[in-house]
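**Student:** Position one of the sequence shown corresponds to residue 1 (UniProt numbering), numbered consecutively onward.
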Amino acid sequence: MNFKDTFNVNERGARYSMQSCKNPACMSSRAKAGGKLFKCSGCKVFTYCCKDCQHAHWKEHKPQCLEIRKENDIVADYDQKYVQNGSLGLSPKQAMDEFRAFVDHFNPQIFFAAVNAFREGTNLQPTGWEEDFFLIKVERRPNPSPLSPRWARFMISHAKRYSIEDFEAVWGAEYEKPGNARAADVKKAKSRGAGHGVITVWLTCLSSAATVQAPFPNFFSPQRAQAIGRMNTDPFVFLRDAVEKVSSGSSSNSSKPV
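#1: Helix, strand or coil, according to DSSP, for Ser255 in the structure here?
#2: Going along the chain, which residues of its own chain have a beta-carbon closer than 6 Å to the beta-carbon of Glu176, five neighbours each way excluded?
#3: With DSSP as the reference, please indicate the residues paired to Val198 in a beta bridge.
#4: Taking buried to mean at least 16 other C-beta atoms within 10 Å of its own C-beta, is Lys245 buried or exposed?
#5: Taking DSSP as the reference, what is the three-state secondary structure of Asp234?
#6: Beta carbon of Gln213, beta carbon of Thr200: below 7 Å?
#7: Counting C-beta neighbours from all protein chains within 10 Å, is the total for Ile74 16 or more, i.e. buried, or is it exposed?
#8: Give the DSSP-derived three-state secondary structure of Phe134 in the structure shown.
#9: Around the Cβ of Ala95, are there at least 16 other Cβ atoms within 10 angstroms (buried) or fewer (exposed)?
#10: For Leu66, is the classification buried or exposed, using 16 other Cβ atoms within 10 angstroms of its Cβ as the cut-off for buried?
#11: Whole angstroms is fine: what's the gap from Ala194's alpha carbon to Phe133's?
#12: For Ala31, tell me which candidate among Ser157, Ala101 and Gln19 has the shortest Cα-Cα distance.
#13: Considering only their Cβ atoms, is the gap separating Ser41 from Ser29 smaller than 7 Å?
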């Protein structure tokens, strides 16, 4: 598959176009913001192009921010116990930071695969996103070089579209919180007009230190979906090979999947 013939997912510009201001009234990409976005100082996850956008989004972001802070505090507590026990190797915080770096770096590839997983026939617009989600399982590479980029320390072990009903059956009551967040995302996407939608990508990361998992909403407009090229291979195969291609090309990354 020639990435250049479809979507330039391996270029910095693609990553910049996928990173955006989280204020729904703005959503300016990092590319449009001159290559600069800043993170919320509380959660250190949500990004904004300016203080005005951050203030405008605060009422909606506040519960999300507090939840992420709570999760960060839990990870910090684990890290403290990890150090007190004299443990060596990968720490829970390091695993979390590396995972976030991976998601940020490979967001274009993830979006490209997700859109194609939700296409039916010759229609370029995603369908079924209200009922299904896209599950991706990520595993940390064994013994990656300490000089390798944080985002290059993982490999894709599974990627497939599943129904929400299947997910609820497995997770039970634990699905309530992410389920409510997903319902809010769907409502938000529909409010933007015909052809707008949101594909929920559920990422699970396995490592020796911790299992990190979370849903990531990928909003799209009719124009944005139309611009994504059609994939001529299985989404899992594409993601696995794309991550391997980019990661193996990074400096000081000598570890290979086993």
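Where a beta carbon is used, it is the ideal one built from N, C-alpha and C, also for glycine. Source: prediction; values computed, not measured.
**Tutor:** Taking the geometry as given:
#1: Confidence at Ser255 is low in this model, with a pLDDT of 44, below 50, so its placement is unreliable and no value can be given for it.
#2: Apart from sequence neighbours up to five positions away, no residue of its chain approaches Glu176 with a beta-carbon distance below 6 Å.
#3: Phe219
#4: exposed
#5: It is coil, neither helix nor strand.
#6: The answer is no: Cβ separation not under 7 Å.
#7: Under this definition Ile74 is an exposed residue.
#8: When DSSP states are grouped into helix, strand and coil, Phe134 belongs to the strand group.
#9: buried
#10: Leu66 counts as exposed, since fewer than 16 other beta carbons sit within 10 angstroms of its beta carbon.
#11: 20 Å
#12: Gln19
#13: No, the pair does not count as a contact, with Cβ atoms beyond the cut-off.
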